[in-house]
Amino acid sequence: MAETAPTQRPLIKRLMISIARWFDSTAGVNPAEKLAPRFELVRSIPFIGLHLMCLGVLWVGVSPVAVGVAAFMYFIRMFAITGFYTNRFWQFVFAVWGNTATQRGPLWWAAHHRHHHKFSDTEPDHHSPIIHTLYWSHMGWVSSASTYATDEQYVKDWLKFPELRLLNRFETVVPFLTGAAMFVLGWVLNTLWPHLGTSAMQMLIWGYFISTVVLFHGTCTINSLNHLMGRRRYETGDNSRNSLLLAFVTLGEGWHNNHHYYPNTARQGFYWWEIDITYYGLKLLSWLGIIHDLKPVAREVRERNHIDKRAPAGLAPTAVGDQA
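Numbering of the sequence shown is given in our numbering, commencing with residue 3 and proceeding in unit increments.
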């Protein structure tokens, strides 16, 4: 049976749907509709706006407190972009926390992550630099209508939570409130402690726009650069790699080959010298009883399937872990 050609919507309809999606991510979504993988300008206006607003630093200037808040916002939001188990209350708190990163809704993000693991570096993979260009794998795919909808078949376990579906649908509400909170914080600091040298607009630019853009590109390096640069310890069937530099930038996510080999654990730095700040934070939260089931990496799993320790042809072990 011949494959159905991608749908070409009328221009006006595409424009109206793209604008509506700035506020409601379900607007005009038809999961059965196959759309062409191409850049959508109107859909990308908020994304482009995030980057342009960073130029506001030329007017608002710099202060130690603003830069400090920006760094803090970067690190705590990068920390939220991971997976673990907890109760329903904390599950929602972490989902909101992660949504402040302005990287779409929690269900959309989880669905694409699982899709990537299933099809890593093959034709269906939306952001493989092996299949697509570096630009597309890094950020172009986010702008396309072809990757816009949340593929619910990959997040059936999360669909039973109406609060997560609501958060996923109105995905721009939390980012808007985050920006507003930064503005108010700057106003309060300027009013009560003017000697700090910050302001409402300066805090908005640094605390939200700059930290968000840096966070976005830090996260996207895992999709793009982490499949091109670094070392492959394990045979995983894809080109995922480990990179100390990217692990430092992303608080541990750069041990990407480890993650693709054994994705069932929140720990991505398998050895003591592989710095994994996110895992250290998660371990602390587990000691506090907030999260649980941080599955460890058993020694026999960690030492198996090394590329530099391959068995003779026909005897090589298979990769460990559920890649779906």
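By construction, the Cβ of each residue, glycine as well, lies at the ideal position given by its N, Cα and C atoms.
Am I right that residue i and residue j are in contact with their C-beta atoms under 8 angstroms? What's the rounded C-beta distance?
i, j, result
"Ala2", "Leu169", "With the chain represented from 3 up to 326, any question about residue 2 goes unanswered, as that position is not in the structure."
"Ala248", "Ala268", "Looking at the sequence provided, one finds Leu at residue 248 rather than Ala. Incorrect: roughly 18 angstroms between the Cβ atoms, too far for contact."
"Ser226", "Pro298", "With 8 angstroms as the limit, Ser226 and Pro298 do not qualify as a contact, their Cβ atoms being about 29 angstroms apart."
"His262", "Ser288", "Going by Cβ atoms, the distance from His262 to Ser288 rounds to 24 angstroms, so no, they are not a contact pair."
"Met205", "Phe185", "7 angstroms"
"Ile293", "Tyr87", "6 angstroms"
"His128", "His114", "7 angstroms"
"Ile309", "Tyr236", "7 angstroms"
"Gly271", "Tyr281", "6 angstroms"
"Ser20", "Glu42", "6 angstroms"
"Glu173", "Phe94", "14 angstroms between Cβ atoms; not a contact."
"Thr214", "Ala103", "7 angstroms"
"Asn244", "Asn260", "6 angstroms"
"Ser139", "Arg45", "Ser139 to Arg45, Cβ: 18 angstroms. No contact."
Can you tell me which residues form a DSSP beta bridge with residue i?
i, result
"Ile293", "Thr88"
"His262", "His262 pairs with nothing; no bridge assigned."
"Asn244", "Arg233, Trp257"
"Ser146", "Phe41"
"His308", "Tyr236"
Comparing C-alpha positions only, which one of the options sits nearest to residue i?
i, options, result
"Gly291", "His197, Trp99, Phe91, Thr200", "Phe91"
"Arg106", "Ile132, Val176, His308, Met55", "Val176"
"Met18", "His53, Thr174, Ala147", "Ala147"
"Glu276", "His294, Gly188, Phe250, Asn266", "Phe250"
"Leu246", "Ile309, Thr223, Pro265", "Thr223"
"Gly220", "Leu109, Tyr282, Arg79, Glu154", "Arg79"
"Thr149", "Gln93, Lys36, Gly63, Lys162", "Lys36"
"His229", "Arg45, Pro108, Ala68, Thr135", "Thr135"
"Pro39", "Thr238, Met231, Glu173, Trp143", "Trp143"
"Gly63", "Glu302, Thr124, Ile212, Arg234", "Ile212"
"Val190", "Tyr273, Leu13, Tyr156, Ala68", "Ala68"
"Phe163", "Thr193, Tyr137, Leu109, Ser139", "Leu109"
"Asn307", "Tyr273, Trp274, Thr238", "Thr238"
"Thr28", "Arg167, Ile14, Glu302", "Arg167"
"Arg171", "Gln155, Leu13, Val31", "Val31"
"Trp61", "Leu286, Tyr156, Tyr137, Met203", "Met203"
"Leu296", "Val303, Leu286, Glu305, Leu187", "Leu286"
"Pro126", "Lys15, Arg234, Glu302, Asp240", "Asp240"
"Val216", "Thr193, Met141, Lys158", "Met141"
Could you check where the alpha helix (DSSP H) with residue i kicks off and where it finishes?
i, result
"Ser201", "Where Ser201 is concerned, there is no enclosing alpha helix (DSSP H), given that its DSSP letter is neither H nor E."
"Gly63", "No alpha helix (DSSP H) contains Gly63, which DSSP labels as neither H nor E."
"Pro177", "175-194"
"Lys158", "Taken as a continuous stretch (DSSP letters only), Lys158 belongs to no alpha helix (DSSP H), as it is neither H nor E."
"Phe211", "It is not in any alpha helix (DSSP H) - Phe211 carries neither H nor E in the DSSP assignment."
"Ala113", "108-121"
"Trp138", "136-140"
For the ligand SAM, is there a heavy atom less than 6 angstroms away from the beta-carbon of residue i?
i, result
"Ile207", "Absent from the structure shown: the ligand SAM. Ligands present: none."
Next item on the list: Check whether the segment 69-76 touches the segment 43-60, counting contact only when three or more Cβ pairs, one atom from each stretch, lie closer than 8 angstroms.
Entry: no
Check: With contact counted as at least three CB pairs below 8 angstroms, one residue from each stretch, are the segment 23-43 and the segment 179-199 in contact?
Finding: no
Notebook entry, point to check: With contact counted as at least three CB pairs below 8 angstroms, one residue from each stretch, are the segment 118-134 and the segment 190-202 in contact?
Noted result: no
Margin query: If contact is defined by three or more beta carbon pairs under 8 angstroms, each pair taking one atom from either stretch, is the segment 51-62 in contact with the segment 255-263?
Written below: no
Note to self: Check whether the segment 207-214 and the segment 56-72 touch, using three or more Cβ-Cβ pairs below 8 angstroms as the test.
What the structure shows: yes
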